[in-house]
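Notes to accompany the following structure.
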Amino acid sequence: MSDIIRPDISLYQQTILVAKEVYELTCKLPIQQQFVLTSQLRRSIINVCNRLSAFTESNSKLTLKRNSEFFIKVYAEIKTQMKISITLGHFTSADLITLENSLDQILIFCESNIQSSYRN
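Okay, here's the thing in structure tokens:
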């Protein structure tokens, strides 16, 4: 595990719970969205889990920064997909509030990694 910045285990556990929530939400999408919105949301959340697990292998601030930047890109994808699903009427904002709050917490962690990479 990296000696520079170690991810909080509870953050990783939270990410797994977020993934579970995404899977449960996507089960509620209509069958027409099975190969579109469902697969995009699931792929994105799997990328989030993979990036967070990659933090444990990060041996430098540069690697941590890259992993954090990658998460931020995936975060933007998920937020866009959430907006699309609301626009299409598949979910309401209230349906997605827990997911949104959890993703925002992970974003804060990643942004702090990026900021710390500029120090020293």
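For the sequence shown, the tail end lands on 157 under our numbering, and the numbers increase by one without skipping. Think of the CB as a built atom: it goes at the ideal place given N, C-alpha and C, for glycine as much as any other residue.
For the alpha helix (DSSP H) holding L101, just list the boundary residues, first then last. K98 to T124
Considering only their Cβ atoms, is the gap separating V85 from F108 smaller than 8 angstroms? yes
Mark Q118 as exposed unless 16 or more other C-beta atoms lie within 10 angstroms of its C-beta, in which case mark it buried. buried
Can you look up V73 in the DSSP assignment and give me helix, strand or coil? coil
Touch test, the stretch 122-134 against the stretch 61-72, Cβ-Cβ under 8 angstroms, three pairs minimum: yes
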